[in-house]
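So the sequence shown is residues 1 to 514, counted in the UniProt record's numbering. Beta carbons: idealized from backbone N, C-alpha and C, even for Gly. A quick note: this is a predicted structure, and the numbers were derived from the prediction, not measured. See structure below.
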Amino acid sequence: MSQTCLEMLGINKLKEGDTYYSVMTGNTMSLGHGAAFSANSPIDGAVLSSFLNATPEQLDEVSAELKAAFKALRTIPAPRRGELVRRIGEEARKYKHELAQVISLEAGKIMAEALGEVQEWIDVCDFAVGQSRMLHGLSIVSERPGHRMMEQWQPLGPVAVITAFNFPMAVWSWNAMLGLICGDPILLKPSEKAPLCALAMYQIAQNVLADMPDIPKASVSVMIGDRDLGEAIAASETFPLVSATGSTAMGRAVAQTVAARLGRSLLELGGNNAMIVSDTADLDLALRAIVFSAAGTAGQRCTTLRRLICHDDIVDSLVSRLEKSYSSLPIGNPLTEGTLVGPLIDAGSYQRMQAALESAKQQGGEMVCGGERVTEGVPQGGYYVKPAIVRIAHDAPIVHEETFAPILYVLTYTDFAEAVEIQNEVPQGLSSAVFTESMREAEFFMSPAGSDCGIANVNIGTSGAEIGGAFGGEKDTGGGRESGSDAWRNYMRRTTNTVNYGGDLPLAQGIVFE
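Quick look at the structure:
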């Protein structure tokens, strides 16, 4: 397996012997002090990298550097911080193909999707650069004569970003690029399944910081470690904000730990996303959206389509067409041109998929197609599967769970309001979609009585959100919002200022205290 991309990015310099550094703050690079672990490629199971876990004790040392970096970064004008982000975007653009290769090697994404993820990082940089000149508050009318009120947004402090394997660069960039323009140093704790992606992003940022001596190098830092490190980060007073992406169980643990010290948490957790297909829908359009949303990234997106809610009159026809489309999906090495479905991340993911399919059968589900492991024509050692379609009742318990694999549950409805109820009955609330040519159905879907998700799409799939909109969901998805819109406010603190330019001292609410 070629690792030229690692050499071109300079990643192979970030190690001692055969072990990569686990602690990198710009000023300090060192091995972890914890147990050894290896990251394997989902493509063929080959060992890609070896690390020693960074420890909570090492976090104490890094925290001191982050606090010092914050004192300097918070006073640097926001447009200058925006210049840092602009240059990071240009550096990412320069190495776009190599960065995508690292994603494919570690996360198993096909190259088209990996290139799209790097482009997302670049696009977020462009967005953040513009936002760096618009960190504005409000001018507020005062009730007191001779007074003026206004609102300002100030840098918050060091921000910790805990990411998952499936979007190792995009999720970091949503947080880091906005956090940097807001004046916050960023500490990344990546998934142990994608540590080389973290090293690549660190190296890109440090290439830029080397030419900007006025900005602390510790503004972009990385620590690679296990759950003990994550728990220490969540408990640390150093971080007024912890942004965490992963399972709902992980998010609950982070939220409770951060809340215990009255910190903030920004959570992007599980999704159990649904698409309603109306009897008025353009089925050709819907078919294309379903296949990408359900089978893309081997079902390992938080926005993957997991529940297809079809009108009774069209379900048989649509399922027949889906089965035909699924049978022709090219499954194999994600680095090979033409592949559309790569591997699951590891054996555990495959086992969870098989357990979910068995549960579906026991709960009355009818297997339409897929679910089998693919062993021919694919690299040996990886876990390649045929995306599965299961017809099942909407209230089957397994349908209300998220399995991070390409399983599409097909449900049916008669009345549109019933379809919306079915969509909303699960604990998760990330992404949703409806395919319909009816204006009434579309508007109802987006109304207060419609989808209860953070993302509600009409005539497009559940996956593939643009960076300009705030990304996130409700209920067990955690309530966080990242990337576009006003998500930048997560990384700042709000101050309300009142200026008395008169000669008297009137009190608010007409209080007299004399």
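Nearest-angstrom Cα separation, counted from residue j out to residue i
{"i": "residue 111", "j": "residue 199", "result": "19 Å"}
{"i": "residue 242", "j": "residue 471", "result": "17 Å"}
{"i": "residue 538", "j": "residue 308", "result": "Since the first residue shown for the chain is 1 and the last is 514, residue 538 is missing from the structure and cannot be characterised."}
{"i": "residue 381", "j": "residue 47", "result": "11 Å"}
{"i": "residue 61", "j": "residue 54", "result": "11 Å"}
{"i": "residue 359", "j": "residue 398", "result": "7 Å"}
{"i": "residue 35", "j": "residue 478", "result": "31 Å"}
{"i": "residue 422", "j": "residue 188", "result": "38 Å"}
{"i": "residue 1", "j": "residue 121", "result": "Model confidence at residue 1 stands at a pLDDT of 43, short of 50, so the residue's coordinates are unreliable; what they give is reported in the following sentence. Taking the straight line joining both Cα atoms gives about 26 Å."}
{"i": "residue 31", "j": "residue 52", "result": "6 Å"}
{"i": "residue 76", "j": "residue 207", "result": "19 Å"}
{"i": "residue 323", "j": "residue 263", "result": "48 Å"}
{"i": "residue 318", "j": "residue 193", "result": "37 Å"}
{"i": "residue 448", "j": "residue 157", "result": "36 Å"}
{"i": "residue 272", "j": "residue 148", "result": "48 Å"}
{"i": "residue 393", "j": "residue 368", "result": "14 Å"}
{"i": "residue 83", "j": "residue 129", "result": "7 Å"}
{"i": "residue 339", "j": "residue 375", "result": "15 Å"}
{"i": "residue 211", "j": "residue 205", "result": "10 Å"}
{"i": "residue 137", "j": "residue 145", "result": "22 Å"}
{"i": "residue 44", "j": "residue 169", "result": "22 Å"}
{"i": "residue 498", "j": "residue 134", "result": "21 Å"}
{"i": "residue 503", "j": "residue 131", "result": "38 Å"}
{"i": "residue 201", "j": "residue 180", "result": "14 Å"}
{"i": "residue 249", "j": "residue 12", "result": "34 Å"}
{"i": "residue 391", "j": "residue 473", "result": "26 Å"}
{"i": "residue 334", "j": "residue 413", "result": "37 Å"}
{"i": "residue 59", "j": "residue 143", "result": "48 Å"}
As assigned by DSSP and simplified to three states, the class of residue i
{"i": "residue 315", "result": "helix"}
{"i": "residue 300", "result": "coil"}
{"i": "residue 24", "result": "strand"}
{"i": "residue 188", "result": "strand"}
{"i": "residue 493", "result": "strand"}
{"i": "residue 470", "result": "strand"}
{"i": "residue 369", "result": "strand"}
{"i": "residue 456", "result": "strand"}
{"i": "residue 549", "result": "Lying before the first or after the last residue shown, residue 549 is absent from the chain, which here runs from 1 to 514."}
{"i": "residue 250", "result": "helix"}
{"i": "residue 155", "result": "strand"}
{"i": "residue 273", "result": "strand"}
{"i": "residue 95", "result": "coil"}
{"i": "residue 429", "result": "strand"}
{"i": "residue 1", "result": "Reliability of the predicted coordinates at residue 1 is poor, the pLDDT of 43 falling under 50, and no value is obtained from them."}
{"i": "residue 507", "result": "coil"}
{"i": "residue 325", "result": "helix"}
{"i": "residue 67", "result": "helix"}
{"i": "residue 477", "result": "coil"}
{"i": "residue 132", "result": "coil"}
{"i": "residue 109", "result": "coil"}
CB of residue i within 7 Å of CB of residue j, strictly
{"i": "residue 490", "j": "residue 229", "result": "no"}
{"i": "residue 219", "j": "residue 69", "result": "yes"}
{"i": "residue 73", "j": "residue 216", "result": "yes"}
{"i": "residue 405", "j": "residue 383", "result": "no"}
{"i": "residue 388", "j": "residue 370", "result": "yes"}
{"i": "residue 343", "j": "residue 42", "result": "yes"}
{"i": "residue 38", "j": "residue 20", "result": "no"}
{"i": "residue 245", "j": "residue 164", "result": "yes"}
{"i": "residue 462", "j": "residue 485", "result": "no"}
is_contact[residue i, chain B] using C-beta, thresh 7 Å
{"i": "residue 251", "result": "No chain B appears in this structure, which consists of one protein chain only."}
Closest by C-alpha distance to residue i, when choosing among the options
{"i": "residue 174", "options": "374, 126, 226, 364", "result": "126"}
{"i": "residue 311", "options": "350, 434, 256", "result": "434"}
{"i": "residue 314", "options": "232, 327, 276", "result": "276"}
{"i": "residue 195", "options": "271, 6, 438, 460", "result": "6"}
{"i": "residue 416", "options": "280, 234, 20", "result": "280"}
{"i": "residue 92", "options": "9, 71, 18, 400", "result": "9"}
{"i": "residue 190", "options": "128, 233, 240, 419", "result": "233"}
{"i": "residue 222", "options": "419, 460, 466, 28", "result": "28"}
{"i": "residue 363", "options": "395, 350, 337, 341", "result": "395"}
{"i": "residue 226", "options": "183, 287, 186, 162", "result": "162"}
Per DSSP, the bridge partner or partners of residue i
{"i": "residue 332", "result": "For residue 332, which the question treats as bridged, DSSP gives no partner whatsoever."}
{"i": "residue 500", "result": "147"}
{"i": "residue 407", "result": "388"}
{"i": "residue 29", "result": "24"}
{"i": "residue 162", "result": "189, 244"}
{"i": "residue 223", "result": "23"}
{"i": "residue 125", "result": "Residue 125 pairs with nothing; no bridge assigned."}
{"i": "residue 39", "result": "49"}
{"i": "residue 16", "result": "19"}
Residue i: CB within 6 Å of a non-hydrogen atom of the ligand FAD
{"i": "residue 430", "result": "Ligands are entirely absent from the displayed structure, and the ligand FAD is therefore not among its contents."}
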